[in-house]
Amino acid sequence: MSQTTLTRSPAMQSPSAPPLRDLYRTMRRIRSFEEHVAELYARSLSAGSMLHLSIGEEGAAAGVCAALQPQDSFTTHHRGHGIFLARGAEPDRMMAEIGGKETGYCRGKGGSMHIADMALGHLGANAIVGGGIPHVVGAGLSYKQLKKDAVSVAFFGDGAMQQGILYESMNMAALWDLPVLFVCINNQYGMGTRIDKATRSTAFDRRAEAFGLRAGMVDGEDVEQVHAMAQDLVDGARKGQPGFMAVSCFRFFGHGRMDKSPYRSADEEETGRKRDPVAHARAALLERSLATPAELDALDAEIGREMSAAIDFTARSPAPELDTMFRDVYGEGEPRPESIKARLDRVLARN
Ligand SMILES: Cc1ncc(C[n+]2csc(CCOP(=O)(O)OP(=O)(O)O)c2C)c(N)n1
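For what it's worth, the working numbering labels the leading residue of the sequence shown as 7, then goes sequentially.
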């Protein structure tokens with residue numbers, strides 16, 4: 007099946023849909039944030055070497071997160087900056103986290119791939135492919151038991167469609183009628199492996215339907231379509247009908263910072279980058295006379311300044327103190343590993 011002509015179970019745009027301009031702003035902020043992360047690296051302000059950009063996937067993050075309510079929660083995969091921003095994360099604290107600074111969401115100990123923040127319902131980014139999927143089943147079960155009106159959403163890549171844990175999770179979510187939504191961001195590659203080399207079947211929604219979930223597939227270039235489907239599935243999940251959606255998109259850059267995508271032809275890259283959700287939304291805003299080019303340029307410039315300020319904030323922020331290494335890592339009162347300094351002192355004293 008072609009990955010560009012999806013949209014099974016299409017949903018109508020509801021009257022309460024967020025204005026396209028808001029969705030554009032969310033996507034533009036994600037793109038600008040990620041473009042600025044590159045500057046963080048260039049200025050040697052990044053704490054780690056791993057970086058997975060979601061440029062090209064902004065429609066999935068913005069469209070799904072706009073369908074959530076404040077009490078809802080989610081997990082992400084390793085490519086999750088955009089999802090957290092769409093949920094309302096502050097760029098300053100996110101950038102500082104990637105920079106390993108004390109002012110970051112996890113006081114610099116999570117980095118790009120392990121951000122979490124309970125205040126915004128972020129139950130954790132996870133670098134293990136499929137690793138964050140079962141967590142939302144646990145969250146959904148707790149909401150059901152505690153009679154909380156909340157939904158939990160797992161975001162993951164197409165690579166996780168080949169992980170057994172997804173199927174155990176979908177089965178339990180369906181069996182127990184949990185308020186859970188599974189969102190596959192299908193950028194068609196798992197590192198350098200194209201999806202058709204990983205599976206014979208890309209009808210991912212049918213896999214979910216086989217477990218009893220409400221399911222759909224949508225083209226991530228159109229953020230309004232993504233939102234419409236997400237709203238429908240989130241509403242269903244809130245009533246105890248778990249859902250699944252696959253959002254098709256193109257990963258504009260390599261898997262990680264060092265990957266120049268030698269496994270993709272120039273043609274494929276050029277065609278793929280035409281599937282740009284930000285450009286698509288901008289064109290729609292102009293076509294429907296919902297904004298002028300000057301207004302959108304001014305908005306883009308304002309967002310650019312916001313992201314530059316996030317880099318300055320990171321540069322100015324202190325690194326965490328060495329003795330705080332285990333704080334927030336082990337529970338209160340639990341035994342902790344000896345600090346590196348204490349261990350060194352002990353070993354040196356012995357010699
Ligand atoms: C269980 C597991 N196997 C392998 C890896 C190595 N790995 C890291 S990212 C990745 C590709 C993931 O692709 P996908 O899930 O489609 O997400 P994307 O990177 O495309 O966003 C792999 C295989 C891993 N982190 N975890």
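We put the CB at the ideal spot given by N, CA and C, even for glycine. Small disclaimer: the values here were computed from a predicted structure and weren't measured.
#1: Is there a Cβ from chain C that is less than 9 Å from the Cβ of Gly94?
#2: Cβ of Ala156 within 9 Å of Cβ of Ser175?
#3: Given 8 Å as the limit, is there contact between the region 261 to 273 and the region 202 to 213, that is, 3 or more CB pairs closer than that?
#4: For Leu354, which residues from the same chain have a beta carbon less than 7 Å from its beta carbon, with the 5 sequence-adjacent residues on both sides left out?
#5: In the structure shown, what three-state DSSP assignment does Cys71 receive?
#6: In its own chain, which residues sit with a C-beta less than 6 Å from the C-beta of His261, not counting the 5 before and 5 after it?
#7: Helix, strand or coil: which one does DSSP assign to Ala48?
#8: Sorted by chain position, which residues of the same chain lie with C-beta nearer than 8 Å to Asp228's C-beta, five sequence neighbours on each side aside?
#9: Considering only heavy atoms of ligand 1, does any lie closer than 8 Å to the CB of Tyr173?
#10: Got a sec, what are the start and stop residues for the alpha helix (DSSP H) Leu187 sits in?
#11: Please report the straight-line C-alpha distance between Ala102 and Ala216, rounded to a whole angstrom.
#12: Name the residue from Leu46, Pro24, Ala214 and Asp78 whose alpha carbon lies nearest to the alpha carbon of Ser158.
#13: Pair every Cβ in the region 174 to 194 with every Cβ in the region 38 to 58, then say whether three or more of these pairs are closer than 8 Å.
#14: On the three-state DSSP scale, how would you describe Ala92?
#15: With a threshold of 16 other CB atoms inside 10 Å of the CB of Met124, please say whether the residue is buried or exposed.
#16: Can you determine whether any heavy atom of ligand 1 sits closer than 8 Å to the C-beta of Phe162, and answer yes or no?
#17: Taking the alpha-carbon of Arg27 as reference, which of Phe162, Ala297 and Arg220 has the nearest alpha-carbon?
#18: Sorry if obvious, but does the Cβ on Arg206 come closer than 8 Å to a heavy atom of ligand 1?
#19: Using C-beta distances below 6 Å, list every residue in its chain close to Arg85, excluding the 5 sequence neighbours before and after it, in chain order.
#20: From what residue to what residue does the beta strand (DSSP E) around Val224 run?
#21: Using the beta-carbon count (16 or more within 10 Å), is Tyr336 buried or exposed?
#22: Starting from the C-beta of Cys71, find all residues in its chain whose C-beta is less than 7 Å away, skip the five residues before and the five after it, and write them out in chain order.
#23: For the alpha helix (DSSP H) containing Leu172, list its first residue and its last residue.
#24: Note the first and the last residue of the continuous beta strand (DSSP E) segment covering Gly249.
#25: Secondary structure at Phe39, three-state DSSP: helix, strand or coil?
#26: Three or more C-beta pairs closer than 8 Å, one from the region 316 to 325 and one from the region 98 to 118: is that the case here?
In brief:
#1: Protein chain content of the structure displayed is limited to a single chain, and chain C is not contained in it.
#2: no
#3: no
#4: none
#5: helix
#6: Met197
#7: helix
#8: Gly65, Pro283 and His286
#9: no
#10: No alpha helix (DSSP H) holds Leu187; the beta strand (DSSP E) holding it covers Val186 to Asn192.
#11: 43 Å
#12: Asp78
#13: no
#14: helix
#15: exposed
#16: yes
#17: Ala297
#18: no
#19: His58 and Ser60
#20: Arg220 to Asp225
#21: exposed
#22: Ile89, Ala92 and Arg93
#23: Gly170 to Leu181
#24: Gly249 to Ser254
#25: helix
#26: yes
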